[in-house]
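Asker: Can you keep this structure in mind? I'll have questions shortly.
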Amino acid sequence: MSEKNTDPNPVIKFIILYIILALALFIPAGTIFWLQGGIYIIIMIVFSTSFIIYLKKKDPELLEARAKTKATESWDKKIGVIAGIFILAMYILPGFDAVRFHWSSIPLIINTIGFFGMILAIILFFLVTRENTYLSRVIEIQEERGHKVITTGPYKIVRHPMYLALIVLYPSHCLALGSFYALIPSLGVIITIIVRIHYEDKKLHEELEGYKEYATKTRYKLIPGIW
Numbered sequence: 011m012s013e014k015n016t017d018p019n020p021v022i023k024f025i026i027l028y029i030i031l032a033l034a035l036f037i038p039a040g041t042i043f044w045l046q047g048g049i050y051i052i053i054m055i056v057f058s059t060s061f062i063i064y065l066k067k068k069d070p071e072l073l074e075a076r077a078k079t080k081a082t083e084s085w086d087k088k089i090g091v092i093a094g095i096f097i098l099a100m101y102i103l104p105g106f107d108a109v110r111f112h113w114s115s116i117p118l119i120i121n122t123i124g125f126f127g128m129i130l131a132i133i134l135f136f137l138v139t140r141e142n143t144y145l146s147r148v149i150e151i152q153e154e155r156g157h158k159v160i161t162t163g164p165y166k167i168v169r170h171p172m173y174l175a176l177i178v179l180y181p182s183h184c185l186a187l188g189s190f191y192a193l194i195p196s197l198g199v200i201i202t203i204i205v206r207i208h209y210e211d212k213k214l215h216e217e218l219e220g221y222k223e224y225a226t227k228t229r230y231k232l233i234p235g236i237w
């Protein structure tokens, strides 16, 4: 890892994040006896733990990069704030909706589909992580690490497969937790992702060597055959 990095331990950052998200889920619910919420937390803990163990062993520099949260572009900062508000709403609403007030009535089969969608998104996330060691949470060209274009794995199909995983994950999250109302902020997150893709793709075209050629071969940004 770079000696210049002064961020706290990435593992600690992930632990703090999931404690906050668990509180955002269960405090609005008013109870810890929430089956879907419990299953959700277990899935995310297993995924996060596996993810951290894998990266600490295989790619510690990527783990460090994923822990970085300070955006360098002004537009990325604005998008991050807006997306963060929507994501927080996605965690707060299900407790009120599915448990405390029962605004939505979602059958178990829909919950199951939601959890299945989450697992598919997590699998895609892992495949992307395995291929792309430059997968920072902030948009930047990592010149100090010899940043280059990734063209293998999911990147053969679309240019931004990580965002595809997120677009599958967020609505699935809402259905798994039994909240139709949470789909509203999830749509907001998806819109911010599309906006971010536009700016990120433009930056990569301008600043990352070989990206223009890659974009001519892999034409679709997010969804094969559509965009």
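In this note's numbering, the protein residues as written are 11 to 237. All residues carry an ideal CB built from backbone N, CA and C; glycine is no exception. Just so we're clear, the structure is a prediction, and the values are computed from it rather than from any experiment.
For the alpha helix (DSSP H) containing Trp-85, name the first residue and the last one.
Answerer: Translated into positions along the sequence shown, residue 85 becomes position 75. Counting along the chain, the alpha helix (DSSP H) containing Trp-85 begins and ends at 84–104.
Asker: Nearest to Tyr-230 by alpha carbon, out of Trp-44, Lys-166, Leu-73, Ile-95?
Answerer: Within the sequence shown, the letter at position 220 stands for residue 230. Checked all of Trp-44, Lys-166, Leu-73, Ile-95; the closest Cα to Tyr-230 is Lys-166.
Asker: Throw me the rounded Cβ distance for the Phe-96 and Thr-202 pair, which I believe falls under 8 Å.
Answerer: On the sequence shown, position 86 is the one that residue 96 refers to. On the sequence shown, position 192 is the one that residue 202 refers to. The Cβ separation is near 7 Å, so the contact holds.
Asker: 8 Å is my cut-off, CB to CB: does Phe-111 come that close to chain B?
Answerer: No chain B appears in this structure, which consists of one protein chain only.
Asker: For Ser-115, does the count of other Cβ atoms within 10 angstroms reach 16, so buried, or fall short, so exposed?
Answerer: Residue 115 sits at position 105 when you count from the first residue of the sequence shown. Ser-115 comes out exposed.
Asker: Please classify Asn-121: does DSSP put it in a helix, a strand, or coil?
Answerer: Locating residue 121 in the sequence shown gives position 111, where the first residue counts as 1. In this structure, Asn-121 counts as helix in the three-state DSSP scheme.
Asker: Just reading off the alpha helix (DSSP H) that Glu-217 is part of, what are its end residues?
Answerer: The residue given as residue 217 occupies position 207 in the sequence shown. Note, Glu-217: alpha helix (DSSP H), 193–217.
Asker: How many angstroms separate the CA atom of Gly-90 from the CA atom of Pro-164?
Answerer: Position 80 of the sequence shown, counted from the first residue, corresponds to residue 90. Position 154 of the sequence shown, counted from the first residue, corresponds to residue 164. Using only the alpha carbons, I get a separation of about 24 Å.
Asker: Residues in its own chain within less than 7 Å of Leu-137 by CB, not counting five upstream and five downstream?
Answerer: The sequence position of residue 137 within the sequence shown is 127, counting from 1. Answer for Leu-137: Gly-163, Pro-164, listed in chain order.
Asker: Any idea what DSSP makes of Val-21, helix, strand or coil?
Answerer: On the sequence shown, residue 21 is found 11 positions in, with the first residue counted as 1. Reduced to three states, the DSSP call for Val-21 is helix.
Asker: Ile-204 to Lys-68, Cα distance in whole Å?
Answerer: Along the sequence shown, read from residue 1 onward, the residue named residue 204 stands at position 194. Along the sequence shown, read from residue 1 onward, the residue named residue 68 stands at position 58. Those two C-alpha atoms are separated by around 30 Å.
Asker: Touching or not, the region 119–126 and the region 218–225, by the rule of three or more beta carbon pairs under 8 Å?
Answerer: Segments in contact, no.
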